[in-house]
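A.B. asks: A single structure is presented below for examination.
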Amino acid sequence: MFVEVVAPAPGSPPPRAARPPLGRRVVAGAQPYLYLAPALALLGVWTYRPLAQTVQLSFYSWNLLPSTPMTPVGLRNYQRLIDLPDLGQAAVRTVVVIVGLLPFSVVIPVLVGLVTRQVRDRARVVYQAMVFAPTLVAPVASAAVWQWLLDPGAGVVNKVLGTRLNWLHETGSAQFAIIVITGWSVLGFATLVVSAGLAGINGDYGEAAQLDGASRGQITRWITLPLLSPTLVFLVLMTVLLSAQWTFPLIDTLTQGGPARATTNVYYLLWDYSFHSYDAGLGAAAGVLLFAAFGLVAAGLVRLSERLSFHDD
Amino acid sequence: MSRIQIESASKRFGEVTAVDRICLDIEHGEFLVLLGPSGCGKSTLLRAIAGLTPLTEGRIRLADRDITNIPPRDRDLAMVFQSYALYPHLSVERNIGFPLRARRRSRAEIQQQVRDVAEILDLTELLARRPRELSGGQRQRVALGRALVRDPGAFLMDEPLSNLDARLRTATRSELTELHRRLRSTFVYVTHDQVEAMTMATRIALLDHGRLEQVGSPTEVYDQPASTFVAGFLGAPPMNLLDAQLVSRAGRLHAVAPGVDMPLDIAADLPTREVVLGVRPEHLSLTGANPVLHGVVRLVENLGSEEVAHLVVGDTRVCLRGQRPLSLAVGDAVGLHSAPRHAHLFDRASGRRLVWRDDHAQVPTAPAELDLPAS
Ligand SMILES: Nc1ncnc2c1ncn2[C@@H]1O[C@H](COP(=O)(O)OP(=O)(O)OP(=O)(O)O)[C@@H](O)[C@H]1O
Ligand SMILES: [Mg+2]
Chain A
1 MFVEVVAPAP
11 GSPPPRAARP
21 PLGRRVVAGA
31 QPYLYLAPAL
41 ALLGVWTYRP
51 LAQTVQLSFY
61 SWNLLPSTPM
71 TPVGLRNYQR
81 LIDLPDLGQA
91 AVRTVVVIVG
101 LLPFSVVIPV
111 LVGLVTRQVR
121 DRARVVYQAM
131 VFAPTLVAPV
141 ASAAVWQWLL
151 DPGAGVVNKV
161 LGTRLNWLHE
171 TGSAQFAIIV
181 ITGWSVLGFA
191 TLVVSAGLAG
201 INGDYGEAAQ
211 LDGASRGQIT
221 RWITLPLLSP
231 TLVFLVLMTV
241 LLSAQWTFPL
251 IDTLTQGGPA
261 RATTNVYYLL
271 WDYSFHSYDA
281 GLGAAAGVLL
291 FAAFGLVAAG
301 LVRLSERLSF
311 HDD
Chain B
1 MSRIQIESAS
11 KRFGEVTAVD
21 RICLDIEHGE
31 FLVLLGPSGC
41 GKSTLLRAIA
51 GLTPLTEGRI
61 RLADRDITNI
71 PPRDRDLAMV
81 FQSYALYPHL
91 SVERNIGFPL
101 RARRRSRAEI
111 QQQVRDVAEI
121 LDLTELLARR
131 PRELSGGQRQ
141 RVALGRALVR
151 DPGAFLMDEP
161 LSNLDARLRT
171 ATRSELTELH
181 RRLRSTFVYV
191 THDQVEAMTM
201 ATRIALLDHG
211 RLEQVGSPTE
221 VYDQPASTFV
231 AGFLGAPPMN
241 LLDAQLVSRA
251 GRLHAVAPGV
261 DMPLDIAADL
271 PTREVVLGVR
281 PEHLSLTGAN
291 PVLHGVVRLV
301 ENLGSEEVAH
311 LVVGDTRVCL
321 RGQRPLSLAV
331 GDAVGLHSAP
341 RHAHLFDRAS
351 GRRLVWRDDH
361 AQVPTAPAEL
371 DLPAS
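First to last, the protein sequences are chains A and B.
Numbering-wise, the UniProt record's numbering puts 306 at position 306 of the first sequence, and it's gapless, one number per residue.
Numbering-wise, the UniProt record's numbering puts 104 at position 104 of the second sequence, and it's gapless, one number per residue.
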């Protein structure tokens, strides 16, 4: 007689352990949120509350004096912004600053990063410290130093170049000087970011490409730069969003937006409306528009960077 | 033709000598496997052939051309990396076509050749995908495709199967062998897996601590291991090695030790000599006339079709492998039998194999092997 081999018997589930009391479960569930609470509170108090207040303020007219009341004006502040030529001009100058800074924040760092890839060990540490140093100098201090260097009479820059330019007080050169000085201080940071990005690329790809017969230039163009593109997009994003902020301390110390508004970018304009012209409502309206515009640009660039990251595994 | 000659190649990293004066002559069309334990210098030697690691000393020739100082891109070699190194931002099609693109071939030609290779490797459906959308086995085939597409002088492979699961590895192994048979091109293949080496190689080069221990066909290295290292590396479980003394008794040689008395079937009268006696686990049996080893069973392992018994003979662990059931229990004292022709002898000090040469007969032996001095 054949007897079928019996399959191992499935077990019945053991009795479930009693659930902990409700109070304990609530405490356990709340724990992660409690850890997050301080950071969230700071974010709320210092970022989102002022943002909401700015939006609110943009519908009022107010001269910043506690004694004068705020008068609601509806969309009039926005109407004025659109009617005045200031904002458009400042926006164009901001674009000039961004484009002018891209060589310092992207192009030169990539070139330096590629060339110095072979530098190793202690030499690498020394070179990185040297490149990074300008980033550590406080902007106001560097502004003071550059003021001396660019002095029309005794300044080193004029002596070396053999020019007699009044760099910071001529419309043509002031913006250029601001861009170069900002670029000088951003360069080191950007170079470190590029070096880190290059170091993060698995060396096997370059070796495989060598054996596949690719020349150095081909490897750089076809392998290294595409794999570096998330880093590059990050740097572009930083430049687009922060250029106007990076230049602010220099503009405020060196040119105050002049001469003839030649260095007034959108951030400086905002500051000018609110704290020089005491037109808080107008400043707030400009701030709201800026926030929206930069938000859109940032969203676009973040989408792009997600498309470009290749999950290297 | 793509003969690869490695002439006294050495590579030192500071204090570490990763490759130590290796000489190898790899004929055109060979499937040479570099085999050895982890850290023995296999990858370093392969990378030196590829040109990725410059040699400290020595010379490498490819098809009679000295390539020691030629950059990798001009060496006409294709390499499959352990990590596969597929370019993550390129599709399978562009990955496979990359070597042709670097050589500035026309678009139509690249496309045609990529299609042909994809056909062979069964990748046609996957050409549009990115590497991260592929399984391990598919990535492995894409890496192979990138090597195949340009018909290189030789293929270099660094543990290309080690990231695959056991079944896929077995399947891919036979595919590679098939590919080699069809292409008739030279393969240099690095692995630490002796099964891969035994099944795929036309010749195996065994490395230990950067030195070449033995070069030979799989049969040669298994049946006549040139040293105790080779004997103890190949086989599962590897050859049993017992310290013994070579003594002459009534005009015949025996290897003796506590629990060991192995007649060698050699008529000679020699002074006593310290040797290592080697016997493969599958050459020991429980039946026979005169037991040569006496031991006590310590452990019995069931491999399904066979069983492996671990015994202690004297104070050495000895394995016996045979058909199930061996009918042994832990604690049993048993006698093990083996034929004299299954005995391997090694010099105790140098670890090199000893072969018997009659004084009168002209028996040629490999030059690396030590001769046993006859009286
Ligand atoms: N770049 C390096 N710098 C210093 N030592 C190295 C370097 N590369 C390899 N070595 C050393 O050289 C020896 C051989 O390394 P190799 O990578 O060739 O071993 P392997 O046989 O491929 O081992 P595995 O099977 O683990 O891959 C090792 O001792 C290793 O530590
Ligand atoms: Mg290795």
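The beta carbon of each residue, even a glycine, is placed where N, CA and C say it ideally should be.
Values in this document were obtained by computation on a predicted structure and should not be read as measured data.
Classify residue 222 of chain B as helix, strand or coil using the three-state DSSP reduction.
C.D. replies: Residue 222 of chain B: helix per DSSP, three-state reduction.
A.B. asks: Ordered along the chain, which non-local residues of its own chain (more than five positions away) have a Cβ less than 7 Å from that of residue 247 of chain A?
C.D. replies: The residues are 97, 178, 182, 265.
A.B. asks: Rounding to the nearest angstrom, what Cα-Cα distance links residue 367 of chain B and residue 213 of chain B in this structure?
C.D. replies: Because the pLDDT of residue 367 of chain B is 44, which lies under 50, any placement of that residue in the model is unreliable, and the number read from its coordinates should be weighed accordingly. Approximately 13 Å between the Cα atoms of the pair.
A.B. asks: Given residue 72 of chain B, which residues of its chain have a CB within under 8 Å of its CB, disregarding the five upstream and five downstream residues?
C.D. replies: Within the same chain, residue 72 of chain B has close Cβ partners 50, 51, 52.
A.B. asks: Does the distance between the C-beta of residue 43 of chain B and the nearest non-hydrogen atom of ligand 2 fall short of 8 Å?
C.D. replies: Yes; taking the cut-off as 8 Å, the Cβ of residue 43 of chain B has a heavy atom of ligand 2 nearer than that.
A.B. asks: The alpha helix (DSSP H) spanning residue 281 of chain A covers which residue range?
C.D. replies: Per DSSP, residue 281 of chain A belongs to the alpha helix (DSSP H) from 280 to 308.
A.B. asks: Report the rounded CA-to-CA distance for residue 380 of chain B versus residue 208 of chain A, giving the unit in angstroms.
C.D. replies: This structure cannot speak to residue 380 of chain B, because chain B is shown only from 1 to 375.
A.B. asks: Short of 8 Å in beta carbon distance, which residues of its chain neighbour residue 382 of chain B, apart from the five on each side in sequence? Order them along the chain.
C.D. replies: Look at the range of chain B in this structure, 1 to 375, and you will see that residue 382 of chain B is not part of it.
A.B. asks: Flag residue 165 of chain A as yes when its Cβ comes closer than 8 Å to any non-hydrogen atom of ligand 1, and as no otherwise.
C.D. replies: No; taking the cut-off as 8 Å, the Cβ of residue 165 of chain A has no heavy atom of ligand 1 nearer than that.
A.B. asks: Say the cut is 8 Å; is the CB of residue 269 of chain A nearer than that to a heavy atom of ligand 1?
C.D. replies: The answer is no for residue 269 of chain A.
A.B. asks: Can you tell which of B/295, B/65, B/315 has the C-alpha that lies nearest to the C-alpha of residue 335 of chain B?
C.D. replies: If we check each option's Cα against that of residue 335 of chain B, B/295 comes out closest.
A.B. asks: Within the continuous beta strand (DSSP E) that includes residue 215 of chain B, where are the two ends?
C.D. replies: Here the beta strand (DSSP E) through residue 215 of chain B covers 211 to 216.
A.B. asks: Could you tell me which residues DSSP pairs with residue 60 of chain A in its beta bridges?
C.D. replies: Beta-bridge pairing links residue 60 of chain A to A/72.
A.B. asks: Please report the Cβ distance between residue 19 of chain B and residue 45 of chain B, rounded to the nearest whole angstrom; I am assuming they are in contact, meaning their Cβ atoms lie under 8 Å.
C.D. replies: Contact flag correct, Cβ pair sits at about 5 Å.
A.B. asks: Using a threshold of 9 Å, state whether the C-beta atoms of residue 243 of chain B and residue 292 of chain B are closer than that.
C.D. replies: Going by C-beta atoms, residue 243 of chain B is not nearer than 9 Å to residue 292 of chain B.
A.B. asks: Could I get the ranges of all uninterrupted beta strand (DSSP E) runs contained in the segment 229 to 281 of chain B, with 3 residues as the minimum, in chain order?
C.D. replies: With a minimum length of 3 residues, the continuous beta strand (DSSP E) runs that stay inside the segment 229 to 281 of chain B are 240 to 249, 252 to 257, 260 to 267, 273 to 279.
A.B. asks: Can you list, in chain order, the stretches of the beta strand (DSSP E) that have 3 or more residues and sit fully within the segment 211 to 266 of chain A?
C.D. replies: Correct list: empty.
A.B. asks: For residue 165 of chain B, report the span of its alpha helix (DSSP H) as first-last.
C.D. replies: First-last for residue 165 of chain B: undefined, no H or E at that position.
A.B. asks: Check whether the Cβ atoms of residue 159 of chain B and residue 190 of chain B lie closer than 9 Å to each other.
C.D. replies: Yes; because the gap between Cβ atoms is below 9 Å, this pair is in contact.
A.B. asks: Among the residues of its own chain, which have a CB less than 8 Å from the CB of residue 364 of chain B, if the five just before and after it don't count?
C.D. replies: Low confidence applies here, because residue 364 of chain B scores a pLDDT of 43, under 50, leaving its location unreliable and the question unanswered by this model.
A.B. asks: Taking 9 Å as the CB-CB limit, is residue 81 of chain B close to chain A?
C.D. replies: Yes, because at least one Cβ of chain A sits closer than 9 Å to the Cβ of residue 81 of chain B.
A.B. asks: Kindly indicate the opening and closing residues of the beta strand (DSSP E) around residue 343 of chain B.
C.D. replies: It is not in any beta strand (DSSP E) - residue 343 of chain B carries neither H nor E in the DSSP assignment.
A.B. asks: Considering only the beta carbon of each residue, do residue 228 of chain A and residue 187 of chain A sit closer than 9 Å?
C.D. replies: No, the pair does not count as a contact, with Cβ atoms beyond the cut-off.
A.B. asks: Return the residue from the list A/300, A/215, A/279 that minimises the CA-CA distance to residue 68 of chain A.
C.D. replies: For the residues A/300, A/215, A/279, the minimum Cα distance to residue 68 of chain A belongs to A/279.
A.B. asks: Does any residue of chain B have a CB that is nearer than 9 Å to the CB of residue 245 of chain A?
C.D. replies: Closer than 9 Å: no.
A.B. asks: Of all the residues that make up the segment 84 to 97 of chain B, which are near chain A by a beta-carbon distance shorter than 7 Å?
C.D. replies: From the segment 84 to 97 of chain B, only 85, 87, 88, 89 have a Cβ closer than 7 Å to chain A.
A.B. asks: When DSSP labels each residue in this structure, what does residue 23 of chain A get in the three-state scheme?
C.D. replies: Helix at residue 23 of chain A.
A.B. asks: Measure the beta-carbon distance from residue 190 of chain A to residue 105 of chain A and round it to whole angstroms, keeping in mind my assumption that it falls under 8 Å.
C.D. replies: Confirmed, Cβ separation roughly 5 Å.
A.B. asks: Contact between the segment 272 to 286 of chain A and the segment 5 to 24 of chain B is defined here as three or more beta-carbon pairs at a separation below 8 Å; is this criterion met?
C.D. replies: No contact exists between the segment 272 to 286 of chain A and the segment 5 to 24 of chain B.
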